[in-house]
Amino acid sequence: MENPAGSVAVRRHYLMCRPTYFAVEYAINPWMDPAVRVDRDRAIRQWEALRDLYLELGHEVDEIAPIEGLPDMVFAANGGLVVDGRVYGARFASAERTPEGPAYLEWFRAAGFSETREPKHVNEGEGDFITLDDVILAGTGFRTDAAAHQEAERFLGRPVVTLQLVDPRFYHLDTALFALPGDRIAYHPGAFSAGSRRVLESLFPDALIATEDDARVLGLNAVCDGRNVVIAAEAVALADRLRAEGLIVHPVELDELRKAGGGAKCCTLELRPARL
Ligand code: ARG
0 MENPAGSVAV RRHYLMCRPT YFAVEYAINP WMDPAVRVDR DRAIRQWEAL
50 RDLYLELGHE VDEIAPIEGL PDMVFAANGG LVVDGRVYGA RFASAERTPE
100 GPAYLEWFRA AGFSETREPK HVNEGEGDFI TLDDVILAGT GFRTDAAAHQ
150 EAERFLGRPV VTLQLVDPRF YHLDTALFAL PGDRIAYHPG AFSAGSRRVL
200 ESLFPDALIA TEDDARVLGL NAVCDGRNVV IAAEAVALAD RLRAEGLIVH
250 PVELDELRKA GGGAKCCTLE LRPARL
């Protein structure tokens, strides 16, 4: 399964949550406008297409039962951070999403994850933590407290690099940056403070720099399995550049969920197994 870029697709294990109760009833990021009509059936169809795509690509998908009254629960990426089979739980910044933290932790325990950590500090799971081979990149500024970066580092035993987010449209790290094969990344520099941009430049001199247009359609909220990239259909420029690198691009339409500020990655929590 080698592609021209030399990367290999690895079978991934994802957790997702069907948007049965999806709605935009409150606004906790600039994408959300409760006055805008949401077509829930369409959101469900778009979400099902995403799940089916993962299955077609050979990945395993578990589903957590959606809870009525938690319209953002579809954004499973925020439900925790799972590295080496260890689960660092989420603690949401907003009152509206707070019950999701314990709900996800309960799912992990029931699914047999024995090492789980109830967090002391506010953090929104993989929304603000991006796991590479050697380091975990962590966002702060809007949701996750920097203190949670240290908490995660100590619990997971992997180095965590703090990055400062400055643009409210890119309130979670996974709206501005995603992991490519071989410990490379793609990102939108405008989402980061000057200091964090310098950190990214020095750690990732060969990063793929996305445009403002790519970022505005949540093109950075993409999922890469080492060979395939699942990305917002509207992010055409970024898709072309990924193809030029030999990756296989799978455009997905998720504009209904984007009304809540989420894309493909937000709907996807990766369950990384213990290392052998
Ligand atoms: N409406 C949700 C919120 O603002 C969207 C979450 C998107 N998730 C993500 N991983 N970026 O919390």
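If you're matching positions, the sequence shown starts at 0 in numbering that gives the first Met the number 0 and goes up one per residue.
All residues carry an ideal CB built from backbone N, CA and C; glycine is no exception.
What residues in its chain sit with their C-beta under 8 Å from that of Met0, if we drop five residues either side in the sequence?
-> Reliability of the predicted coordinates at Met0 is poor, the pLDDT of 43 falling under 50, and the value obtained from them is presented with this limitation in mind. Counting only Cβ-Cβ distances below 8 Å, and skipping sequence neighbours, we find Val7, Ala8, Arg226.
To the nearest angstrom, how far is it from the Cα of Glu99 to the Cα of Asp51?
-> In a straight line, the C-alpha of Glu99 is about 24 Å away from that of Asp51.
Could you name each continuous alpha helix (DSSP H) segment of 4 residues or more that falls completely within the segment 168-250, going from the start of the chain to the end?
-> 193-202, 211-215, 235-243
Using DSSP with H/G/I as helix, E/B as strand and the rest coil, what is Tyr53?
-> Helix, per DSSP.
Return the chain-ordered ranges of every alpha helix (DSSP H) run that is complete within the segment 5-52 and spans a minimum of 4 residues.
-> none
Report whether the distance from the Cβ of Ile230 to the nearest heavy atom of ligand 1 is below 7 Å.
-> no
Kindly list the residues whose CB is nearer than 6 Å to the CB of His187, restricted to its own chain and excluding five residues on each side of it in sequence; keep chain order.
-> Contacts found: Ala175, Ala209, Ala214, Leu219.
Please work out which residues of its chain come closer than 6 Å, Cβ to Cβ, to Ala231, disregarding the five sequence neighbours upstream and downstream, and give them in chain order.
-> Answer for Ala231: Val216, Leu217, Gly218, Gly262, listed in chain order.
Is the Cβ-Cβ distance between Val160 and Leu136 less than 8 Å?
-> yes
Determine which residues share a DSSP beta bridge with Gly138 and list them.
-> Leu162
CA nearest to the CA of Asp133, picked from Asp182, Arg168, Phe91, Arg108 | Asp182
Are at least three pairs of beta-carbons, each pair with one atom in the segment 75-83 and one in the segment 13-32, less than 8 Å apart?
-> Touching, per the Cβ criterion.
Considering Glu105, what are the terminal residues of the alpha helix (DSSP H) in which it resides?
-> 99-109
Simplified DSSP state of Glu95, which is helix, strand or coil = coil
For Asp32 and Asp224, the rounded distance between their alpha carbons = Each residue's Cα considered, the two are about 32 Å apart.
Say whether the segment 78-91 touches the segment 118-127, bearing in mind that this needs 3 or more beta-carbon pairs closer than 8 Å, one atom from each stretch.
-> Yes, they touch.
By how many angstroms is the C-alpha of Phe112 removed from the C-alpha of Phe169?
-> Between Phe169 and Phe112, the C-alpha separation is close to 31 Å.
List the residues that DSSP assigns as beta-bridge partners of Arg85.
-> Val82
From Trp46 to Leu256, what distance separates their C-alpha atoms?
-> 8 Å
Between the C-alpha atoms of Arg39 and Ala259, what's the straight-line distance to the nearest angstrom?
-> 12 Å
Are the beta-carbon atoms belonging to Ser201 and Leu162 less than 8 Å from one another?
-> no
Along the alpha helix (DSSP H) that carries Glu152, what are the first and last residues, could you check?
-> 145-155
Reducing DSSP to helix, strand and coil, say where Asp254 ends up.
-> Note: Asp254 maps to helix in three-state DSSP.
In chain order, what residues of the same chain have a beta carbon less than 6 Å from the beta carbon of Glu59, not counting five sequence neighbours either side?
-> His12
Write down the C-beta distance between Gly84 and Glu114 rounded to the nearest angstrom, noting that I regard them as a contact closer than 8 Å.
-> The Cβ separation is near 7 Å, so the contact holds.
Classify Met0 as helix, strand or coil using the three-state DSSP reduction.
-> With a pLDDT of 43 at Met0, under the threshold of 50, the modelled position of this residue cannot be trusted, and the question is left open.
Are Ile129 and Ala178 touching if we call contact CB-CB under 8 Å?
-> yes
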